[in-house]
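**Student:** Numbered according to my numbering, the sequence shown spans residues 244 to 416.
For each residue, glycine too, the CB sits at the ideal point set by N, CA and C.
Quick one: structure below, then a few questions.
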Amino acid sequence: MTLTARILAAALFACAAIPAFSQTPAAPTRVPAEMAAFFGGEWSGKGAFASGRPIEAEVSFTPELDGQWLQYRHTDRAPNSYKALGLWGIESGSRKLVMTVNDNGGGARTFASEGWQDGKVVFVRTISSEPLREERFVFERKSNDSFHMAYEVHAGDKPWRMIDQLSFERVRK
Numbered sequence: 244m245t246l247t248a249r250i251l252a253a254a255l256f257a258c259a260a261i262p263a264f265s266q267t268p269a270a271p272t273r274v275p276a277e278m279a280a281f282f283g284g285e286w287s288g289k290g291a292f293a294s295g296r297p298i299e300a301e302v303s304f305t306p307e308l309d310g311q312w313l314q315y316r317h318t319d320r321a322p323n324s325y326k327a328l329g330l331w332g333i334e335s336g337s338r339k340l341v342m343t344v345n346d347n348g349g350g351a352r353t354f355a356s357e358g359w360q361d362g363k364v365v366f367v368r369t370i371s372s373e374p375l376r377e378e379r380f381v382f383e384r385k386s387n388d389s390f391h392m393a394y395e396v397h398a399g400d401k402p403w404r405m406i407d408q409l410s411f412e413r414v415r416k
């Protein structure tokens, strides 16, 4: 094959490949709009640990990465020191709503959810399968400007046990 023929063949191959590369990939699924609209903004909360000891925290939710994710930032008020940064969004592989959480204790966890249903979202993470150990966060809308959050764990056939819970009021949209 002559050099000219090789160049022509390469050019034809490149032109044939252009349609395959120029197709626009499917748009990512965004956080459910109703959920993002409700949680978006800054919140202040008060509650208690299972022991009855009080807890207060500030949280905020901000759309990120072209609306693909909802950033969740949690900061406990003193004397507690827990801080977490998370993302809520639709994971492209599973098409499930997930929450990833990184905290100031070095923790990195991923939770899955069946989605935003009737003003409630439950994120669950299986820690181990034998015996079954799970943890979950339950976020439930109480009014247009308030929600309740509970963190719970459970092991084996025992019922879910509350670790802490807070009721949040909107501070700013």
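For residue 194, does the count of other Cβ atoms within 10 angstroms reach 16, so buried, or fall short, so exposed?
**Tutor:** Outside the modelled stretch of the chain, which goes from 244 to 416, sits residue 194, for which no answer is possible.
**Student:** Please return the same chain residues whose Cβ sits closer than 6 Å to the Cβ of residue 434, not counting the five positions on each side in sequence.
**Tutor:** Because the chain in this structure spans residues 244 to 416, residue 434 falls outside the shown range and cannot be described.
**Student:** In three-state terms, what does DSSP make of residue 395?
**Tutor:** Locating residue 395 in the sequence shown gives position 152, counting from the first residue. Strand, per DSSP.
**Student:** Which word fits residue 375, buried or exposed, when buried means at least 16 other C-beta atoms lie within 10 angstroms of its C-beta?
**Tutor:** The sequence position of residue 375 within the sequence shown is 132, counting from 1. With fewer than 16 Cβ atoms within 10 Å of its Cβ, residue 375 is classed as exposed.
**Student:** Give the secondary structure of residue 378 by DSSP, where H, G and I count as helix, E and B as strand, and everything else as coil.
**Tutor:** The residue labelled residue 378 in the question sits at position 135 within the sequence shown. Strand.
**Student:** Taking residue 388 as the reference, give the member of 412, 407, 373 with the closest Cα.
**Tutor:** For the purposes of this step, residue 388 is identified with residue 145 of the sequence shown, where counting begins at 1. If we check each option's Cα against that of residue 388, 412 comes out closest.
**Student:** What is the rounded straight-line gap between the Cα of residue 301 and the Cα of residue 310?
**Tutor:** For the purposes of this step, residue 301 is taken as residue 58 along the sequence shown, with counting starting at 1. For the purposes of this step, residue 310 is taken as residue 67 along the sequence shown, with counting starting at 1. Between residue 301 and residue 310, the C-alpha separation is close to 22 Å.
**Student:** Just grab the DSSP bridge partners of residue 306 for me.
**Tutor:** In the sequence shown, the residue the question calls residue 306 occupies position 63. In the DSSP output, where bridge partners are listed per residue, residue 306 has 313.
**Student:** Since I believe residue 365 is in contact with residue 352 (beta carbons under 8 Å), could you give me their beta-carbon distance rounded to a whole number of angstroms?
**Tutor:** One-based indexing of the sequence shown puts residue 352 at position 109. One-based indexing of the sequence shown puts residue 365 at position 122. Between residue 365 and residue 352 the Cβ distance is about 15 Å, and since that is not below 8 Å, they are no contact.
**Student:** By Cβ distance below 8 Å, which residues in the same chain neighbour residue 306 in space, the five residues on each side in sequence not counted?
**Tutor:** For the purposes of this step, residue 306 is identified with residue 63 of the sequence shown, where counting begins at 1. Closer than 8 Å at Cβ, skipping near neighbours: 274, 279, 283, 312, 313, 314.
**Student:** With DSSP as the reference, label residue 353 as helix, strand or coil.
**Tutor:** Locating residue 353 in the sequence shown gives position 110, counting from the first residue. In this structure, residue 353 counts as strand in the three-state DSSP scheme.
**Student:** Along the chain, where does the alpha helix (DSSP H) that runs through residue 279 open and close?
**Tutor:** In the sequence shown, residue 279 corresponds to position 36, counting from 1. Run containing residue 279: 276-282, per the alpha helix (DSSP H) assignment.
**Student:** If contacts are defined as beta-carbon pairs under 8 Å, then residue 409 and residue 288 qualify, I think. What distance do you get, rounded to the angstrom?
**Tutor:** As a position in the sequence shown, residue 409 is number 166, starting the count at 1. As a position in the sequence shown, residue 288 is number 45, starting the count at 1. Going by Cβ atoms, the distance from residue 409 to residue 288 rounds to 4 Å, so yes, they are a contact pair.
**Student:** Go ahead and pull the three-state DSSP assignment for residue 368.
**Tutor:** For the purposes of this step, residue 368 is identified with residue 125 of the sequence shown, where counting begins at 1. Strand, per DSSP.
**Student:** Using a Cβ-Cβ cut-off of 6 Å (strictly less than) and excluding sequence neighbours within five positions of residue 328, which residues of its own chain qualify?
**Tutor:** In the sequence shown, counting from the first residue as 1, residue 328 sits at position 85. If we look at residue 328 and ignore the five residues flanking it on each side, its Cβ neighbours are 316, 345.
**Student:** Straight-line CA distance for residue 348 to residue 325?
**Tutor:** The residue labelled residue 348 in the question sits at position 105 within the sequence shown. The residue labelled residue 325 in the question sits at position 82 within the sequence shown. Roughly 8 Å separates the two Cα atoms.
**Student:** Which of helix, strand or coil does DSSP assign to residue 334?
**Tutor:** Here residue 334 refers to the residue found at position 91 when the sequence shown is read from its first residue. Residue 334 falls in the coil class under three-state DSSP.
**Student:** Compute the Euclidean distance between the alpha carbons of residue 299 and residue 277, then round it to the nearest angstrom.
**Tutor:** Counting from 1 along the sequence shown, the entry for residue 299 is found at position 56. Counting from 1 along the sequence shown, the entry for residue 277 is found at position 34. When rounded, the distance between both Cα atoms is 26 Å.
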